[in-house]
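So the sequence lines, in the order shown, correspond to chains Z and F.
This note's numbering puts the first residue of the first sequence at 1, with every later residue one more than the last.
This note's numbering puts the first residue of the second sequence at 1001, with every later residue one more than the last.
Working notes, structure below.
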Amino acid sequence: MGHILIKDLNKGFIEQSKKQSMGHVIIKNLNKEFIDRRKKSRCRSDAVPKHNRIPVLDNINLEFLNGEMVCILGPSGCGKSTLLRIVAGFDNAFSGNVLIDGKAHSGPSSDHIFVFQHSSLFPWMTVKENVELGLRAMKDQEEKEEKIQEYIDIVDLGGFEMHYPHQLSGGMQRRAELARALAVNPDILFMDEPFSGLDFLTHMRAREEVVNVHQFIGITMLIVTHDIDDALVMGDRIIVFSSRPARVKMARKLDFPRPRDFEKQPELNELRSEIFLMLGVPHAV
Amino acid sequence: MNLFFGNSNKPQHLTILAPILSFTLLILIWDIITRFSGWSDQVFPGPLKVFISIHELVLDGTLLKHTVASLFRVTAGFYLAIITGIPAGMILGRWKPGMIMLNPVIQFLRPISPLAWIPLAMLWFGIGDPPAVFLIFLSAFFPLVVSTMTAVLEINPVFFQVAANFNFSRFEVVTKIIFPAILPSVIQALRITVGIAWLVVVAAEMIAVNSGLGYLILDSRNALRMDYVMAGMIVIGLIGLILDFIMKRLGKIDSVFWGNISH
Ligand SMILES: Nc1ncnc2c1ncn2[C@@H]1O[C@H](COP(=O)(O)OP(=O)(O)OP(=O)(O)O)[C@@H](O)[C@H]1O
Ligand SMILES: [Mg+2]
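Structure follows, in structure tokens:
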């Protein structure tokens, strides 16, 4: 593992250890069902009748390559968060195989960080202390401070190090969380609707930020979103799920150069209409 | 929340002046009532007489002696409750079987007034500080266990997932999540329980001991010195006010303050 220096015009230098073929995910024949507890408690028998099982993921086969940014689309309630939670190791009640870098994984780990649908910054810690969580193992205090500052600068939160989350806006909280996640230097980053609840402009800016960070750090990123445009603008590849139980309805590589523009790239626009149709909206608005 | 806006908007001098005004009014009403009630000085002494008596009690050291005795008992019982009650609440909050088993017992013991324990406390611990400390411990222990347990149960489960994600050790889960997460609620609970403890100590001192503000009041009653009785009452009120003020300040420390916003 050699060390490479990447230079970013605005953000200064960042040193990142280059990882060989890390963050490679294979999902084979993944099935997942939830048991409806309400109905279960009504019947006495120990066996769970078939109709009380809610299938959520139906034979999913997917592969995410090292360094790939994959956006996952699908109707609400189809099982996107469930899939993400399984791959991240938070849920191991499933059948099939999930291999990360060739190994069936064993629970959550700091090699694959999950950015939750709702803010999970610790409200009792400042931005700096939150980011520091990912760098606890670092012994050298000076080096650690430098790293913290680097990641805070990446997400443009310089000057807010000593602020508590409740003193930040919604968009800044998301960015702080992103910094905390990146600071661990994970192989894979999972993001579940990272832009939900942000206003339009903040949303656009945050989206760009994530694209930049991805090009900059180059780790595997799985992003669940409701926003078709987000997926098309950000993704190296998009996956569209059917409604529950989720099946892969479409998996498409996006070979469009960035920055992407729906007007200048007619094929992209066509794909957009196609996906709108697929998700049940006949006319793209 | 109100606390927050109230403090930032209100001019500082008003928060000092307003209470001074209301206390002056209280003393005035007290004075008027004693003048027109027709009761003698021995039955219902006026403010002037009581303040002179307070002055006497301060000068001969009695007041200090009794106040220190009461504060000592409250502190001892309260600390005992803190070092046992908060860890117990934390364990019960994180350990389901323990909670299911012990919670009914706690809820059963909690509503029994600490004063109901006085006969047993005297029998077990004799006369002096131990039974009083025991009663204060009882009065603070159950509320502390219950509020700590509730606070732990209310921690956002996502935080524990973050902990797993960031490879927190068990020790780190306690120090970096559980402890700071429950701190605002625990300080709130401490504020309430120190008030209860202060109530209980006076009652306990009327029975089991021969020092403390409760004893001062009882002893003065036996001597028919109502001015000393009222002096004792005023000091009890003042110290209660100070204790509450200290606890309120604790809730405003920066790393605790988030609790005011997010709840
Ligand atoms: N703990 C649970 N117990 C039972 N059923 C569950 C549970 N969690 C999720 N489900 C079911 O699984 C389905 C998929 O949930 P999931 O959260 O993965 O959806 P999603 O695709 O992320 O939806 P959204 O886009 O609205 O966030 C839901 O329809 C829900 O009914
Ligand atoms: Mg979801």
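A virtual CB, placed ideally from N, CA and C, is assigned to each residue, including glycine.
Being a predicted model, the structure only gives us computed values, none of them experimental.
Same chain, Cβ closer than 7 Å to residue i, five either side skipped, listed in chain order
i: P1019(F); result: none
i: R207(Z); result: F195, D230, V233, M234
i: T1264(F); result: No answer is possible for residue 1264(F): the residues shown for chain F start at 1001 and end at 1263.
Spatially closest choice to residue i from the options, by CA coordinates
i: G1093(F); options: A1231(F), I1178(F), W1258(F), N1210(F); result: I1178(F)
i: A183(Z); options: F1166(F), M1233(F), A1204(F), F1072(F); result: F1166(F)
i: F216(Z); options: R237(Z), S242(Z), L57(Z), N185(Z); result: N185(Z)
i: P24(Z); options: D101(Z), E142(Z), L57(Z), D91(Z); result: Strictly speaking, residue 24(Z) in this sequence is His, with Pro absent from that position. It is D101(Z) whose Cα lies nearest to the Cα of H24(Z).
i: F241(Z); options: C78(Z), R175(Z), D227(Z), R174(Z); result: C78(Z)
i: L62(Z); options: S81(Z), P55(Z), V87(Z); result: V87(Z)
i: D255(Z); options: E263(Z), S243(Z), L271(Z); result: L271(Z)
i: K1252(F); options: L1144(F), P1087(F), P1184(F), W1039(F); result: P1184(F)
i: K80(Z); options: E193(Z), F276(Z), F122(Z); result: E193(Z)
i: I60(Z); options: Q117(Z), I239(Z), H163(Z), D156(Z); result: I239(Z)
i: K1065(F); options: P1143(F), L1216(F), G1237(F), R1110(F); result: L1216(F)
i: A1069(F); options: L1224(F), A1132(F), I1182(F), L1109(F); result: A1132(F)
i: F1137(F); options: T1148(F), T1175(F), V1194(F); result: V1194(F)
i: Q1107(F); options: T1175(F), M1149(F), S1220(F); result: M1149(F)
i: P1143(F); options: I1086(F), R1249(F), H1055(F); result: I1086(F)
i: D1129(F); options: L1025(F), W1258(F), K1049(F), A1076(F); result: A1076(F)
i: G159(Z); options: K147(Z), V127(Z), A137(Z), D227(Z); result: V127(Z)
i: N52(Z); options: R37(Z), N66(Z), F64(Z), E161(Z); result: R37(Z)
i: F64(Z); options: I54(Z), L201(Z), I275(Z), R237(Z); result: R237(Z)
i: M1099(F); options: W1030(F), T1062(F), V1146(F), L1115(F); result: V1146(F)
i: M204(Z); options: I188(Z), R260(Z), K253(Z); result: R260(Z)
i: R1272(F); options: I1082(F), S1220(F), I1032(F); result: Absent from the model: residue 1272(F). The displayed extent of chain F is 1001 to 1263, so no value can be given.
i: G218(Z); options: D187(Z), A104(Z), G170(Z), R258(Z); result: D187(Z)
i: S1139(F); options: N1103(F), P1104(F), A1189(F); result: A1189(F)
Residue-level contact to chain Z via CB, residue i, 8 Å cutoff
i: F1245(F); result: no
i: A1164(F); result: yes
i: A1197(F); result: no
i: I1020(F); result: no
i: V1235(F); result: no
i: P942(F); result: Any answer about residue 942(F) is impossible in this case: the structure gives chain F only from 1001 up to 1263.
i: A1189(F); result: no
i: Q1161(F); result: yes
i: A1181(F); result: yes
i: N1167(F); result: yes
i: W1258(F); result: yes
Proximal residues to residue i (C-beta, below 8 Å), its chain only, five neighbours per side dropped
i: V243(Z); result: Here the sequence assigns Ser to residue 243(Z), which means Val is not the residue at that position. Taken in chain order, the residues that qualify are G74, P75, G77, C78.
i: K264(Z); result: none
i: D58(Z); result: N31, P245, A246, R247
i: E267(Z); result: F256
i: L1243(F); result: V1194, G1195, W1198
i: R1110(F); result: F1142, P1143, V1146
Residue i at chain F interface by Cβ criterion, 8 Å
i: Y151(Z); result: no
i: P288(Z); result: This structure gives no information on residue 288(Z), because the portion of chain Z shown stretches from 1 to 285.
i: L182(Z); result: no
i: S41(Z); result: Its pLDDT being 49, under 50, S41(Z) is placed unreliably in this model, and the value from its coordinates should be taken loosely. Chain F, which has no Cβ nearer than 8 Å to the Cβ of S41(Z), makes this no.
i: I35(Z); result: no
i: P259(Z); result: no
i: F94(Z); result: no
i: H24(Z); result: no
i: H166(Z); result: yes
i: G159(Z); result: no
i: S109(Z); result: yes
i: S81(Z); result: no
i: G298(Z); result: Outside the displayed range of chain Z (1 to 285) lies residue 298(Z), so it cannot be described from this structure.
i: S120(Z); result: yes
i: I113(Z); result: yes
For residue i, the first and last residue of its enclosing beta strand (DSSP E)
i: D58(Z); result: 53-64
i: I1178(F); result: I1178(F) -> no beta strand (DSSP E), and no H or E assigned at all.
i: A251(Z); result: 248-253
i: D192(Z); result: 188-192
i: T1150(F); result: No beta strand (DSSP E) contains T1150(F), which is instead part of the alpha helix (DSSP H) from 1129-1153.
i: S95(Z); result: 95-100
Close Cβ partners of residue i (< 6 Å) along its chain, the five nearest in sequence each way excluded
i: G1214(F); result: V1202, E1205, M1206
i: F114(Z); result: A88, F190
i: R1250(F); result: For the record, residue 1250(F) in the displayed sequence is Leu; it is not Arg. Closer than 6 Å at the Cβ level, and outside the excluded window around L1250(F), lie I1187.
i: Y151(Z); result: V131, A179, L182, A183
i: V211(Z); result: M234
Range of the contiguous alpha helix (DSSP H) that encloses residue i
i: N1222(F); result: 1213-1222
i: R237(Z); result: Element bounds for R237(Z): not the alpha helix (DSSP H) but the beta strand (DSSP E), 237-241.
i: G170(Z); result: 170-183
Meets three-Cβ-pair contact criterion under 8 Å: the segment 116-135 of chain Z and the segment 1142-1161 of chain F:
yes
With three or more beta-carbon pairs closer than 8 Å as the criterion, would you say the segment 144-155 of chain Z touches the segment 171-182 of chain Z?
yes
Does the segment 217-225 of chain Z come into contact with the segment 65-73 of chain Z, if we say contact requires no fewer than three beta-carbon pairs (one atom in each stretch) closer than 8 Å?
yes
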